[in-house]
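Visitor: So that you can map any letter, position 58 of the sequence shown is 357 in our numbering, and since no number is skipped, the others follow by simple counting. The C-beta atom is built at its ideal place from N, Cα and C for all residues, glycine as well. Please find one structure pasted underneath; my questions will follow.
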Amino acid sequence: LHDVRRGDLVVFRRPPNMAQSDINDLIKRVIALPNETIELRGSDIYIDDQKLTEPYLAAGTPTVNLGWVTGCANPSTERTKCLIPPGHVFVMGDNRTHSSDGRVFGPIDEDLIVGRAFVRIWPPTPVMRSV
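In structure tokens:
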């Protein structure tokens, strides 16, 4: 496994602070890296005050602020900013409105990462949009 990069799809073990489930491995996209500050402004994500471009999301995909729960190096009273601790990454699902991700369980320890995804099986073509 190479060093984790922003935009990678990673498979990781369920974080210990996440609700119990029969599902032990999750797959999410790496959004922020160690020592970066992630911030939600409206429905846009900023990394170290730079708006994040996310070409992998369908146009108009909203990002909802669910608040950072735990694990930020700088707990913020606004609950819109999170400094990612060393050795951790912040992950989010591409289906932002229905994803239990870093907005719920906070940054994850890189030691939980077991691999990265590099082949998409489903859907076989990009999701069709109505015209």
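Assess contact between the stretch 340 to 359 and the stretch 397 to 417, defined as three or more Cβ pairs (one per stretch) separated by less than 8 angstroms. Is contact present?
Guide: No: fewer than three Cβ pairs fall under 8 angstroms.
Visitor: Which full runs of the alpha helix (DSSP H) of 4+ residues lie inside the stretch 371 to 420, going along the chain?
Guide: DSSP runs (the alpha helix (DSSP H)) wholly in the stretch 371 to 420: 401 to 404.
Visitor: Give the range of the beta strand (DSSP E) segment to which V309 is assigned.
Guide: Residue mapping note: residue 309 aligns to position 10 of the sequence shown, counting from 1. Segment 308 to 312, the beta strand (DSSP E) holding V309.
Visitor: Taking only runs that begin and end inside the stretch 320 to 360, name each unbroken beta strand (DSSP E) of 3 or more residues, in chain order.
Guide: DSSP runs (the beta strand (DSSP E)) wholly in the stretch 320 to 360: 324 to 331, 336 to 340, 343 to 346.
Visitor: Alpha carbons only, please: which of H387, L356, D408 is nearest the one belonging to N394?
Guide: Looking up residue 394 in the sequence shown gives position 95. The candidate whose alpha carbon is nearest that of N394 is L356.
Visitor: Spatial neighbours of T298 within its chain, please: CB distance less than 7 angstroms, with the 5 preceding and 5 following residues excluded, ordered by chain position.
Guide: This structure gives no information on residue 298, because the portion of the chain shown stretches from 300 to 430.
Visitor: Using a Cβ-Cβ cutoff of less than 8 angstroms, which residues in the same chain neighbour D324 once the five nearest sequence positions on both sides are dropped?
Guide: For the purposes of this step, residue 324 is identified with residue 25 of the sequence shown, where counting begins at 1. Only V310, F311, R312, R313, V413 meet the Cβ criterion.
Visitor: Report yes if the C-beta distance between T336 and D347 is below 7 angstroms; otherwise report no.
Guide: Position 37 of the sequence shown, counted from the start, is the residue given in the question as residue 336. Position 48 of the sequence shown, counted from the start, is the residue given in the question as residue 347. Their beta carbons are under 7 angstroms apart, which means T336 touches D347 by this criterion.
Visitor: Roughly how many whole angstroms lie between the Cα atoms of T353 and T379?
Guide: Here residue 353 refers to the residue found at position 54 of the sequence shown. Here residue 379 refers to the residue found at position 80 of the sequence shown. The amino acid occupying residue 353 in the given sequence is Glu; Thr does not appear at that position. Whole-angstrom Cα-Cα distance: 19 angstroms.
Visitor: By Cβ distance, which residues of its chain are closer than 6 angstroms to A358, with the 5 residues on each side in sequence left out?
Guide: Taking the first residue of the sequence shown as 1, we reach residue 358 at position 59. Result list for A358: empty, nothing under 6 angstroms.
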